[in-house]
Amino acid sequence: MPSHASTHTSATPGDASAQAEREAPRGRKRLSTDNESSDTSSRGKKARKSEPTEEALVADEERKPRLTTPDLEFDYDRSQLRDPRLTPGRVRRPRRQGSAEVSEEFKQQFYIPKPETPMGRLSSIQKDELDKKETLLDPSNYFHDLHVCHKKGRNGSPTYDSGGFPLDWNKVDQWMKPQAYSRSRAVKGMGRALAKGQSERDQMFNIFFADDKRPGGFESSNVANYMKDQVSKDLGVPWHQIGPKHFVEWEQKGFPKQTLDDWWKPPNEEERKRMSKMMTGASLRQDA
Numbered sequence: 001m002p003s004h005a006s007t008h009t010s011a012t013p014g015d016a017s018a019q020a021e022r023e024a025p026r027g028r029k030r031l032s033t034d035n036e037s038s039d040t041s042s043r044g045k046k047a048r049k050s051e052p053t054e055e056a057l058v059a060d061e062e063r064k065p066r067l068t069t070p071d072l073e074f075d076y077d078r079s080q081l082r083d084p085r086l087t088p089g090r091v092r093r094p095r096r097q098g099s100a101e102v103s104e105e106f107k108q109q110f111y112i113p114k115p116e117t118p119m120g121r122l123s124s125i126q127k128d129e130l131d132k133k134e135t136l137l138d139p140s141n142y143f144h145d146l147h148v149c150h151k152k153g154r155n156g157s158p159t160y161d162s163g164g165f166p167l168d169w170n171k172v173d174q175w176m177k178p179q180a181y182s183r184s185r186a187v188k189g190m191g192r193a194l195a196k197g198q199s200e201r202d203q204m205f206n207i208f209f210a211d212d213k214r215p216g217g218f219e220s221s222n223v224a225n226y227m228k229d230q231v232s233k234d235l236g237v238p239w240h241q242i243g244p245k246h247f248v249e250w251e252q253k254g255f256p257k258q259t260l261d262d263w264w265k266p267p268n269e270e271e272r273k274r275m276s277k278m279m280t281g282a283s284l285r286q287d288a
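Position one of the sequence shown corresponds to residue 1 (our numbering), numbered consecutively onward.
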């Protein structure tokens, strides 16, 4: 009969190794050899770079030079202008302003502070106040000059627009006030303005030109702008103030009249850039 006692079997080297591994205390993971480590590293994912904190980004921005008015100033190439004489009434150098003239790449070179945004959902009044603060802090903003002028008050120091002309605080204050919109009133107002503008152009054309030939269509306004520019420089009166009465004065002082074909030529790029600055915000400037 078979014996109930268990039979003894001699342990193999493999069994001994497994037994020792089971009895070993669990702790730190087994260290890889150099070869294993490099192999695992090459197969695994690359270590992720830590993202910069918001504080670090702000500190980096603040190390840039702050954007100021002089950074935006430029000079016209006077060799490209039909009449290189100085512009009456201009006090400061012209400046680039607005997204059409100041690129984001240019602005990235500078630090432009941002106002603190209130917590929670903003009301329309809070949004308006935040927009005003942002405009005041950014010299490249299209409305920066107007808000700076208005904040100084009626007796504040002079503020200059992007064309280099001083602003009139009372005109700016009136512009800042909310206006009730009426479509019919706006259409009537536009009609009256167009009729007045055409009437004044006709008066000025009749004085400035010796012949009966006149520009038509869109060219009529363009010719009038450069015609006013010449009279402005002849009389020393700012461009935005020139009207029919100044042409009468110009005629009385004996300045030579012109003929349209000999005098007029379409403006080049530099002249268009300058005239754009002459026209932008002209109604809000001080009268000399």
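Where is the CB? At the ideal position from N, CA and C, for every residue including glycine. Predicted, not measured: the structure shown is a model, and the values here were computed from it.
In this structure, the alpha-carbon of Q174 lies about 32 Å from that of G217. Between R66 and F165, the gap from beta carbon to beta carbon reaches 8 Å or more.
Judged by beta-carbon spacing, K233 lies within the 8 Å limit of P88, meaning their Cβ atoms are closer than that value.
Using a 10 angstroms sphere on the CB of T68, the tally of other CB atoms stays under 16, which defines it as exposed.
Here the segment 206-217 makes contact with the segment 245-264; the two share three or more CB pairs at distances below 8 Å.
DSSP, read as helix, strand or coil, puts R285 in strand.
Excluding the 5 residues flanking it on each side, E62 has same chain C-beta neighbours closer than 7 Å at Y111, in chain order. K127 counts as exposed, since fewer than 16 other beta carbons sit within 10 angstroms of its beta carbon.
Counting only runs of 4+ residues, the alpha helix (DSSP H) found wholly inside the segment 91-166 occupies 104-107, 124-137 and 144-152, in chain order.
If only complete runs of 3 or more residues are kept, the segment 165-253 shows no beta strand (DSSP E) anywhere. When DSSP states are grouped into helix, strand and coil, R272 belongs to the helix group.
The beta carbons of K277 and P94 sit about 5 Å from each other, so the pair counts as a contact at 8 Å. Each of R78, V91, P70 and F74 was checked against the Cα of D287, and the nearest Cα belongs to V91.
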